[in-house]
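Okay, structure first, notes after.
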Amino acid sequence: MKFAKAWLAAGVVLAASQFGALYAQDGNPEWRALRQELVQRINANCYDVGTLELAQQVLQTAQRTGGPESADTALSLVLLAHVHQRQGQLTRAAQSYTAALAIQEKTAGPDSPQVAFTLSALAGLHYRREAFDQAIALYERALAIHEKQRRPDAHAVLVSRQNLAAAHRAQGAYAKAAPLYERELDARAQPLLAVALVH
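The following block contains the structure:
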């Protein structure tokens with residue numbers, strides 16, 4: 008259980024980082040500078056009061072410069088939620104993730120990569136709460152989005168599949184977890200097989 012929780016926590020950071028990369032060149036310059044400072048603090052595993060205040064400033068700047076339903080605001084909400092989650096403020100984190108999802112579904116579409124990453128982050132929060140049914144439902148939706156848009160061996164697909172398998176395993180549903188782990192192993196083996204055939 009501890010290993011699975013550690014993996015899922017790492018997955019949340021990965022999701023936030025990948026989502027941030029989608030907008031690396033977008034947004035107001037003032038907001039981009041603040042966001043970059045916040046991401047650096049997150050990467051340094053710094054979650055003190057100063058980081059929370061910076062996350063709130065990032066959100067306020069996004070709302071002021073881009074509007075309350077902009078992509079910048081959605082990403083800012085995801086980052087604020089992540090900081091809340093790492094500080095143990097799970098209710099506030101869930102509220103911010105949910106608000107971000109509402110914006111993303113409206114502006115980017117329900118099957119967008121942004122939605123998939125935020126679904127995974129919110130699922131990780133429910134996993135931490137041991138609300139496994141809720142986590143599984145969100146992980147399933149995130150995996151479906153990734154599988155629709157990416158190759159079967161794409162990293163986002165593999166991470167989503169492993170997260171879903173871990174949630175089933177934590178719930179004791181080993182029969183549901185096993186096929187997911189097997190599919191992941193098969194997908195990871197394909198590039199290795201291709202390399203072996205070439206050489």
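Here this note's numbering = 1-based position in the sequence shown + 7. All C-beta atoms in this analysis are idealised placements derived from N, C-alpha and C, irrespective of residue type, glycine included. Just so we're clear, the structure is a prediction, and the values are computed from it rather than from any experiment.
Check	Outcome
Other residues of its chain near Q64: CB distance less than 7 angstroms, five sequence neighbours each side excluded	L41
Contact belief for A100 with L132 at Cβ below 8 angstroms, rounded distance in angstroms	6 angstroms
Which listed residue (A180, Y181, A172 and Q178) has its alpha carbon closest to that of L187	A172
With 16 other Cβ atoms within 10 Å as the buried cut-off, status of A182	exposed
Three-pair Cβ contact test at 8 angstroms for the segment 132-151 versus the segment 109-116	no
Exposure of Q121, with buried meaning 16 or more beta-carbon neighbours within 10 Å	buried
Rounded distance between the beta-carbons of A174 and A128, thought under 8 angstroms	The pair is not a contact, with the Cβ atoms about 14 angstroms apart (cut-off 8 angstroms).
Pair within 9 angstroms by beta-carbon distance, S77 and L66	no
Test item: CB-CB of H89 and A123 under 9 angstroms	no
Cβ separation of L126 and A149, assumed to be a contact under 8 angstroms, to the nearest whole Å	4 angstroms
Residue interval of the alpha helix (DSSP H) (run including A115)	Where A115 is concerned, there is no enclosing alpha helix (DSSP H), given that its DSSP letter is neither H nor E.
Other residues of its chain near C53: CB distance less than 6 angstroms, five sequence neighbours each side excluded	none
Nearest-angstrom beta carbon gap, A81 and W38 [assumed within contact, 8 angstroms]	With 8 angstroms as the limit, W38 and A81 do not qualify as a contact, their Cβ atoms being about 12 angstroms apart.
Between the CA atoms of L165 and D55 - distance to the nearest angstrom	32 angstroms
Distance, F139 Cα to L97 Cα	15 angstroms
When N35, G34 and T58 are compared against E44, the one with the closest alpha-carbon	T58
Buried/exposed call for L86, threshold 16 Cβ in 10 Å	buried
Per-residue burial, N170 [other beta carbons within 10 Å of its own, 16 or more giving buried]	buried
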